[in-house]
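Protein chains: 2
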Amino acid sequence: MRILGIDPGSRATGYGLVEKQGNRLRHIDNGVILTGGEAPLSERLGIIYRELGAVIARHAPQVVAIEQIFLARNALSALKLGHARGVALLAGVHHQLPVYEYTALQVKSAVVGYGRAGKAQIQEMVRILLNLPEVAQEDASDALAVAICHAHSAGLNQRVAQALTAKP
Amino acid sequence: MRILGIDPGSRATGYGLVEKQGNRLRHIDNGVILTGGEAPLSERLGIIYRELGAVIARHAPQVVAIEQIFLARNALSALKLGHARGVALLAGVHHQLPVYEYTALQVKSAVVGYGRAGKAQIQEMVRILLNLPEVAQEDASDALAVAICHAHSAGLNQRVAQALTAKP
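Residue numbers (the numbering used here), protein chains in the order written: chain A, 67 to 234; chain B, 67 to 234.
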């Protein structure tokens, strides 16, 4: 299963692709879509949508994972984030990909094993889990983290489903 | 000039089309895109994008006008609104339409003539200005209001441009 993790933002949107083969995780690609802070918001959203579409076309993921947001610094930053996140969700929907959402707590727990891990710890664990030569850029690393979270959860969901089916 | 006003929301997105001919405004169409609160957010965004695209295809507006948001009740409602608004902006961009943003103060001043007008006053003024048989649904009326705001501003911008060109 190939998973596309997305960390949306109106200025920088991180993406990360991870392939899950049995219990093993393989890194496929990661990067950051920069939109430039100067262009009008509508144009920046157009860039995010187009570039995510190109990433999906290039790597053909089967599923999209994205962080679920409950809190933001303030209403204005939430509004900006919402624009980028809405466009990222739409890119998934338009490619007929199921979209899974995970809370920051779920992502941290899946990657580091505990929910209060700091940014640097998460980045280093992403590097180790995916056998990267060096730590990925922050937004790309966050995108890989949510993809890893989905890989772990998907495995868990599958085992739960198997356990339920195996019941007499 | 045909103007599409949009009032985005994750559950209900209003739209309103107005034709400006000289100093006269003509109502073309208005309506509300309901997404149903039950579907996943990504699907609802897909509906908003698709239906706005259908409205644009049906009425061929030359420009999109949308309210600019600075404040929201709280970060969570701002986030939700941002998703819908991002998708609405994208629908405009994907149809090569210029998108203009107006503050609530600008919209109220343009429609009612003063910035502290209440909702009912705005709805009634929209009805009178567009010669509607009855007040439009709230979200559709808000969309018509921002379209009217653009019509007035566009006229003003044109007169300013003419005045500048006429200078010796």
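Cβ coordinates follow ideal geometry from the N, Cα and C atoms, glycine included.
Below-8 angstroms beta-carbon distance, residue i vs any chain A residue
i: residue 100(B); result: no
i: residue 155(B); result: yes
i: residue 129(B); result: no
i: residue 151(B); result: yes
Cutoff 8 angstroms: residue i Cβ touching any chain B Cβ
i: residue 146(A); result: yes
i: residue 142(A); result: yes
i: residue 158(A); result: yes
i: residue 70(A); result: no
i: residue 178(A); result: no
i: residue 107(A); result: yes
Bounding residues of the alpha helix (DSSP H) (the contiguous stretch that carries residue i)
i: residue 179(B); result: No alpha helix (DSSP H) holds residue 179(B); DSSP gives it neither H nor E.
Residue i - containing beta strand (DSSP E), residue span
i: residue 68(B); result: 68 to 73
i: residue 78(B); result: 78 to 87
i: residue 167(A); result: 165 to 169
The segment 109 to 135 of chain B: positions lying closer than 7 angstroms to chain A by Cβ
109, 111, 112, 115 and 135
Could you pull out every unbroken beta strand (DSSP E) segment of at least 3 residues lying fully inside the segment 97 to 160 of chain B, listed in chain order?
The DSSP assignment places 129 to 134 as complete runs of the beta strand (DSSP E) inside the segment 97 to 160 of chain B, in order along the chain (cut-off: 3 residues).
Does the count of Cβ pairs from the segment 84 to 102 of chain B and the segment 200 to 218 of chain B closer than 8 angstroms reach three?
yes
Please list the residues of the segment 160 to 172 of chain A that have a C-beta atom closer than 8 angstroms to any C-beta atom in chain B, keeping them in chain order.
160 and 165
Inspect the CB distances between the segment 99 to 116 of chain B and the segment 155 to 165 of chain A and report whether three or more fall short of 8 angstroms.
Enough Cβ pairs lie closer than 8 angstroms, so yes.
With three or more beta-carbon pairs closer than 8 angstroms as the criterion, would you say the segment 72 to 83 of chain B touches the segment 119 to 137 of chain A?
no
Validate contact between the segment 138 to 151 of chain A and the segment 144 to 153 of chain B using beta carbons, cut 8 angstroms, 3 pairs
yes
Is the number of C-beta pairs between the segment 92 to 105 of chain A and the segment 194 to 213 of chain A that are closer than 8 angstroms three or more?
yes
Inter-stretch contact (C-beta, 8 angstroms, three-pair minimum) for the segment 177 to 190 of chain A and the segment 101 to 109 of chain A
no
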